[in-house]
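2 protein chains.
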Amino acid sequence: MSDNSTKKQIILEAAARLFRDKGYSATSMRDLADAVQLKASSLYNHIASKEEILQTICFDNAHRFLAGMTEIEQLQVSATHKIEALIRLHIHIAKEDLTSVTAFNDEWRHLSEPHLGNFKSLRKSYESRFKAIIEAGIQAGELRPLHASVLLYTLFSSVRWLYDWFKPERSLSADMLESEIITILLNGMILK
Amino acid sequence: MSDNSTKKQIILEAAARLFRDKGYSATSMRDLADAVQLKASSLYNHIASKEEILQTICFDNAHRFLAGMTEIEQLQVSATHKIEALIRLHIHIAKEDLTSVTAFNDEWRHLSEPHLGNFKSLRKSYESRFKAIIEAGIQAGELRPLHASVLLYTLFSSVRWLYDWFKPERSLSADMLESEIITILLNGMILK
DNA sequence: CCTACCGATCGGTAGG
DNA sequence: CCTACCGATCGGTAGG
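Those sequence lines, one after another, are chains A and B. Counted the way numbering that gives the first Met the number 0 counts, the first sequence spans residues 0 to 191. Counted the way numbering that gives the first Met the number 0 counts, the second sequence spans residues 0 to 191.
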């Protein structure tokens, strides 16, 4: 049983890497089997289907983001500080499990219904809660009076390149990277 | 002949839309044939292969960006103004042919060699030239003294969400969108 | 965990 | 532009 769940974990990690590198559709169960030194049919002792793997990756990561959001919402600090905490959240999640987050970001659209709909709901909820914080910041006069959705999506995608880029040269430490990104984004958003 | 090139154009546009919506690998030639009211085999009177379509999309767009870069490099203005012009370039290209740019952005990795290598070279060249402008701006004391690559990629990806988002609600005009994004990014990058 | 195999679908070709 | 069809590969199952 513990052997079993370990093996499943190995399969999930190999799958995340393949999905990130080749995409979900271009990854075959035989590719995945090769990566974990198994025959394709043996994979089905550990997982139910190819899509179940994608579901696990997508929903696990969605819940990591939502859990972080829930914590940050409860902080008794300014909107600006909450936004800074959210930027750090995105960077920390990326650092923790880069391949999985990348696959989650790029491959969720291959979910079938009803999973696709459920996933979109979670995502929508995360965005709404993020947007509410931004709107509070604008109301409070902390942030530039721009459209909240422009601020939201600019911020969102600004941290997304990390997922494609984190691996190569490491002349830049993760901490340095984090502080520079926060400098750029907060100065871009903050009023004066 | 002119009929022929028109039909080819229709096929390329339908393909870009399918590649954007489902991804290159998940789009079959039968999907594409249905979209243009043809049988799959008839597509091959207009195009040589599935990958040739992807090549056309990827290299056409790469050349649009490079042509814009060449023009902007020759302007006799400050680095900050060149960067503003580059941000506008990205937004304008997105507005002109949204589906094609999205497919180019997300699906180039499915190119086979030697096209993949050639594509990466063009991309690398574009990034280097962009980075040189950013570095000049830092040298000149116009931009915050951060790592040029952090500024580059933050800026790059900040405009990328447009590709996924441009379509829906149009309560925001494209001009308003453009000016807000430039406000956020330039204030984030500019010193003081 | 494997061998053997399934029906479906893939990109693409032959031939008209 | 179509019908008919190719070999290869797909996700997955049967049976041990």
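Note that beta-carbon positions come from the ideal geometry of N, C-alpha and C, so glycine has one too.
Grab the span of the alpha helix (DSSP H) containing residue i for me, first residue to last.
i: I137 (chain B); result: H114 to Q138
i: F58 (chain B); result: K49 to E72
i: E83 (chain A); result: A78 to E95
i: S40 (chain B); result: A39 to L42
i: S178 (chain A); result: A173 to M188
i: R29 (chain A); result: M28 to A34
i: Y162 (chain A); result: W160 to W164
i: L145 (chain B); result: Careful: L145 (chain B) lies outside any alpha helix (DSSP H) and carries neither H nor E.
Roughly how far, in whole angstroms, is the beta-carbon of residue i from the beta-carbon of residue j, given that I think they are within contact range, below 8 Å?
i: I137 (chain A); j: P144 (chain A); result: 6 Å
i: A84 (chain B); j: F165 (chain B); result: Not quite, the Cβ-Cβ distance comes to about 20 Å (not below 8 Å), so this is no contact.
i: G22 (chain B); j: S24 (chain A); result: 6 Å
i: S156 (chain B); j: L184 (chain B); result: Their Cβ separation, rounded to whole angstroms, is 11 Å, which puts S156 (chain B) and L184 (chain B) out of contact at 8 Å.
i: A47 (chain A); j: L31 (chain A); result: Their Cβ separation, rounded to whole angstroms, is 14 Å, which puts A47 (chain A) and L31 (chain A) out of contact at 8 Å.
From the options, pick the residue whose C-alpha is nearest to that of residue i; which is it?
i: I189 (chain A); options: A:L161, A:K119 and A:K81; result: A:K81
i: F103 (chain A); options: A:H146, A:Q75 and A:R159; result: A:R159
i: E141 (chain B); options: B:E112, B:S99 and B:N186; result: B:N186
i: H91 (chain B); options: B:A15, B:K6, B:T182 and B:Y162; result: B:Y162
i: A139 (chain B); options: B:I46, B:Q54, B:V76 and B:K6; result: B:V76
i: S172 (chain A); options: B:V149, B:S178 and B:S172; result: B:V149
i: E70 (chain B); options: B:R87, B:I180 and B:L42; result: B:R87
i: E50 (chain A); options: A:M175, A:P113, A:V100 and A:T182; result: A:P113
i: T153 (chain B); options: A:G116, A:M68, A:I180 and A:H146; result: A:I180
i: K63 (chain A); options: A:E95, A:D20 and A:L115; result: The sequence as given places Arg at residue 63 (chain A); Lys does not occur at that position. Per the Cα distances, A:E95.
Excluding five sequence neighbours on each side, which residues of the same chain lie with their C-beta closer than 7 Å to the C-beta of residue i?
i: L65 (chain A); result: L121 and Y125
i: C57 (chain A); result: F103, W107, L110 and F118
i: T26 (chain A); result: L17 and F18
i: K6 (chain A); result: H45
i: K55 (chain A); result: Checking the sequence shown, residue 55 (chain A) turns out to be Thr, not Lys. Same-chain partners within the cutoff: L11.
i: L42 (chain A); result: I10, M28, L31 and A32
i: D174 (chain B); result: none
i: I52 (chain B); result: L11, A14 and I46
i: N60 (chain A); result: S99, V100 and F103
Can you find the residues in the same chain that come closer than 6 Å, C-beta to C-beta, to residue i, ignoring five residues on each side of it along the sequence?
i: A135 (chain B); result: A78
i: E177 (chain B); result: I90
i: T182 (chain A); result: none
i: M0 (chain A); result: Confidence at M0 (chain A) is low in this model, with a pLDDT of 46, below 50, so the placement of that residue should be treated as unreliable; the coordinate-derived value is given next. Nothing meets the Cβ criterion.
i: G67 (chain A); result: L88
So, at 8 Å on beta carbons, what are the nonlocal neighbours of residue i in its own chain, with the 5 sequence-adjacent residues on each side left out?
i: L151 (chain A); result: E126, F129, K130 and I133
Decide if the segment 9-24 of chain A is in contact with the segment 33-40 of chain A; the criterion is three or more beta carbon pairs, one per stretch, under 8 Å apart. Yes, they touch.
- Item | the segment 109-129 of chain A in contact with the segment 118-127 of chain B per 3-pair CB rule at 8 Å | Contact fails: fewer than three Cβ-Cβ distances are below 8 Å.
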